[in-house]
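To keep things clear, I will list the structure first and then write my remarks on it.
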Amino acid sequence: MTTKLLSGIARSGYPYHADPGILSEGALAFLKDLTRSFRPALEALLVERTERQARHDAGEAPGFLPSTREIRHSQWQVAPLPPLLLDRRVEITGPPERKMLINALNSGARVYMADFEDSLAPSLENLVEGQRNLVEAVRGTLRHVDPPTGRVYALEAHVAALMVRPRGLHLPERHLEVDGQPIPACLFDAGLFLYHNAAEILARGGVPCLYLPKLEHHLEARWWNQVLEAVEANLGLAPDSVRTTLLIETLPAAFQMDEILFEHRGRAAGLNLGRWDYIFSFIKTRRMDPGAILPDRGRVDMDQPFLRAYARLLVRTCHRRGCLALGGMSAFVPARGDAEGTARAFAQVRADKLREVADGCDGTWVAHPALVPVAQAPFDEHMAGPNQLDRVPDPVDAEELLAVPRGPRTEKALRHNLKVGIRYLESWLRGQGCVALYGLMEDAATAEICRMQVWQWIRHGAEVEHLGQLDRPLFHAFVEDALFQIRAEIGEADFAEGRFLEASDLFETLILARVPPPFLTLPAYDLLLEPVPSEVNP
């Protein structure tokens, strides 16, 4: 069921009273124009993704493109960085939920990345409330009163710079249709943020900034640049007013870092090591290769040679081109009520950030305000200036990027993957896109590793220590046991009130699929969509 809002644009299955200030006529017309201009090219790019994956499935290895060799080997740099973006030693990320947003902006981090992607479940309420919260944050009026305690949360005088990560190119936004088809989720997220806030940010002396996720090809970066050129023209902004940081979190993109920056050379502020999605992409891209089976997830850390090469190449590329190299997310989180566990988490975060600053990274990510000083200390201790642009590591070759880590596959890791995957999906289906599980902050990226790793083990009949080959009957038995353990961990009442059986069924279906869906959030989206309330008149 759809309800016409303006000529050519409609809402699908949802009441249009969520927030008329965010989904105003002007904003909807803006989204409609963007969609009509750029959806056809985006759809073609997504077809090209499918075709490339088919070639990889047939045995073609990812590699550097011969056609863009000149870009990689010639001398050029991105536009000079504005002063606000020269020092990004600690960035904190999380969904644009009201209380979390206030705490993150007040955390002492240089940047807060409000995330509409991997850490947000895209219900209509989450999306529109997130945009409303950003409007208030930009204007300094954001506040929150905690209902149980009456405590008031408000922004301090000096807060982190705001950046926004829209959803990836592959995701639709089914709450709104243009000409009978869902609009691209990336245009919904980025479009609404820039429409409502870009001019205001510039008027306040800031820089409107986007973090762009899950790119797989430099032509996708070109598409984004064309979108932003159109946005700037439509909103009356100077060219390249919107600055971008691009996440290198897919294996194909690792071979096109120079090309991706080149497409954004007027607006690029840096690249980011999206390590968790990168591990997921490493498995997914090489899913049919029996020689590319990974060991336990816990053993695939940044000390593995293929990830060391990936980090070195990113730092080298950024610094050659005059922009910042941002380290990845450390998923460890403080353990509430467990001083010893929190101390271990802090030590692990510090070790991770010491490695990043030694690699030449200019900054890093954390997921919790308490980790900001822990992550910042290594950069304060070992980075003399605001960044390390003068450090250029040695070149990296394709063989290093494709080196497969070796190690055991264990029953313990299998059980952990299943419990994390099911519990994360269950939280996602209830509208929560990031959740602390077993001492780590899990989001869609880490759940994807759990899914694709088990899929890979079953697909290739991988040997699991003390179990032999992992086949379907054995896998199903482990899923049943995972549900039993989850019920015991959280209690019968919480289990009954949750969506664990739906999550388990979906997770099992995805893992047993002959050809796995490219992203688990695509089929999960169908379960997230709420029914239309009967009292709402279309």
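Numbering (the UniProt record's numbering), first residue to last: 1 to 538.
Every residue gets a Cβ at the ideal spot worked out from N, C-alpha and C, and that includes glycine.
Keep in mind the model is a prediction, meaning the values are calculated, not measured.
Check, Outcome
"Three-pair Cβ contact test at 8 Å for the stretch 333-341 versus the stretch 91-99", "no"
"With 16 other Cβ atoms within 10 Å as the buried cut-off, status of residue 142", "buried"
"Rounded C-alpha distance that separates residue 372 from residue 90", "7 Å"
"Where residue 412 falls, given that 16 or more other Cβ within 10 Å makes a residue buried", "exposed"
"Helix, strand or coil at residue 293 [DSSP, three-state]", "coil"
"The stretch 265-280 / the stretch 442-461 touching (three or more Cβ pairs under 8 Å)", "yes"
"Length of the line joining the Cα atoms of residue 44 and residue 407", "39 Å"
"Cβ-Cβ distance between residue 314 and residue 61 below 9 Å", "no"
"Residue range of the unbroken beta strand (DSSP E) whose run includes residue 442", "440-442"
"Reduced DSSP category for residue 77 - H, G, I as helix; E, B as strand; rest coil", "coil"
"Per-residue DSSP class, three states only, for residue 533", "The pLDDT assigned to residue 533 is 36, lower than 50, so where the model puts this residue is not dependable; a value taken from the coordinates is nonetheless given after this. Reduced to three states, the DSSP call for residue 533 is coil."
"Between the CA atoms of residue 163 and residue 50 - distance to the nearest angstrom", "30 Å"
"Residue 23 versus 48, 67, 135, residue with shortest Cα-Cα distance", "135"
"Cβ-Cβ distance between residue 323 and residue 274 below 9 Å", "no"
"Through-space distance from residue 160 to residue 365, alpha-carbon basis", "13 Å"
"Complete alpha helix (DSSP H) runs within the stretch 342-396 (minimum length 4 residues, chain order)", "372-382"
"Best match in 511, 465, 506 for proximity to residue 523 [C-alpha to C-alpha]", "506"
"Own chain partners of residue 535 with C-beta closer than 8 Å, once the 5 adjacent residues on each side are dropped", "Residue placement at residue 535 cannot be trusted, given a pLDDT of 31 that sits under 50; what the coordinates show is reported in the next sentence. Once the five neighbours on either side are set aside, residue 535 has no close Cβ partner at all."
"Closest residue to residue 375 among 385, 200, 330, 404 (Cα-Cα distance)", "330"
"contact_flag[the stretch 114-133, the stretch 427-435] where n(CB pairs < 8 Å) is 3 or more", "yes"
"Residue from 297, 272, 466, 458 with nearest C-alpha to residue 473", "458"
"Residue 144, DSSP secondary structure in three states", "strand"
"Inter-residue spacing [alpha-carbon to alpha-carbon] between residue 437 and residue 417", "11 Å"
"Sheet register partners of residue 408 (DSSP bridge)", "None, per the DSSP bridge assignment."
"Residue 70 versus residue 94 - alpha carbon distance", "38 Å"
"Inter-residue CB distance, residue 521 and residue 171 (contact presumed, cutoff 8 Å)", "7 Å"
"Local conformation of residue 538 per DSSP, three classes", "Note on residue 538: pLDDT 26, under 50, position unreliable in the model; no value is reported."
"Cα-Cα separation between residue 468 and residue 285, rounded to whole angstroms", "26 Å"
"Cβ pair count under 8 Å reaching 3, the stretch 137-153 against the stretch 476-491", "no"
"Cβ pair residue 415, residue 481 closer than 9 Å", "yes"
"Residue 30 (DSSP reduced to helix, strand or coil)", "helix"
"Cβ neighbours of residue 362 in the same chain (closer than 6 Å, five flanking residues each side left out)", "324, 325, 387, 388"
"Where the alpha helix (DSSP H) containing residue 203 begins and where it ends", "185-203"
"Residues that residue 436 bridges to, as DSSP identifies them", "441"
"Nearest candidate by alpha-carbon position, reference residue 56, set 292, 357, 316, 219", "292"
"Beta-carbon proximity of residue 175 to residue 224, cut-off 9 Å", "no"
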